[in-house]
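Residue numbers (this note's numbering): 1 to 121. Positions of the beta carbon are idealized from the N, C-alpha and C atoms, including for glycine. Model, not experiment: these values are computed from the prediction. Structure first, commentary second.
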């Protein structure tokens, strides 16, 4: 698979303690994105933040939080990102979902060079 040029970045903000069927919500989102054939997904763990509840969550040693911010970032072609949104409607009860336009300059993985990975994004 090769992506180059205009694309969308889907960013999902949830809490570390958010669950879907006894599994971390961020894990469920990544696995569904994989099954949907999206180009890739990364989960980033925040060290401090707050959301709609206005409660600050932090990793500082004196105030350890069990609900740090988790950010899932997915970049792919617009039609594929938009097709994935119903999955998030089902999964994300509390959190923030945003989409913004990006330009992909380079997207390649190990072992992809010279393997004819050109294709539809």
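**OP:** Look up residue 12 in the DSSP assignment and say whether it is helix, strand or coil.
**Re:** strand
Subject >> Residue range of the alpha helix (DSSP H) that includes residue 91 >> reply: Start and end: 78-91.
**OP:** Within the same chain, show all residues whose beta-carbon is closer than 8 Å to that of residue 100, passing over the 5 residues directly before and after it, in chain order.
**Re:** 8, 9, 11
Original post:
Got a sec? Which residues, its chain only, sit under 6 Å from residue 51 by beta carbon, not counting five neighbours each side?
Top reply: none
Original post:
Quick one: is residue 117 buried, meaning 16 or more other Cβ sit within 10 Å of its Cβ, or exposed?
Top reply: No answer about residue 117 holds up, because its pLDDT of 35 lies below 50 and its placement is not dependable.
Subject >> Under the three-state DSSP convention, the category residue 35 falls into >> reply: helix
**OP:** Flag this pair as yes or no: are the beta carbons of residue 88 and residue 75 separated by less than 7 Å?
**Re:** no
**OP:** Go to residue 68, then tell me how far its beta strand (DSSP E) extends in each direction, as first and last residue.
**Re:** It is not in any beta strand (DSSP E) - residue 68 carries neither H nor E in the DSSP assignment.
**OP:** Look up residue 74 in the DSSP assignment and say whether it is helix, strand or coil.
**Re:** It is a strand residue.
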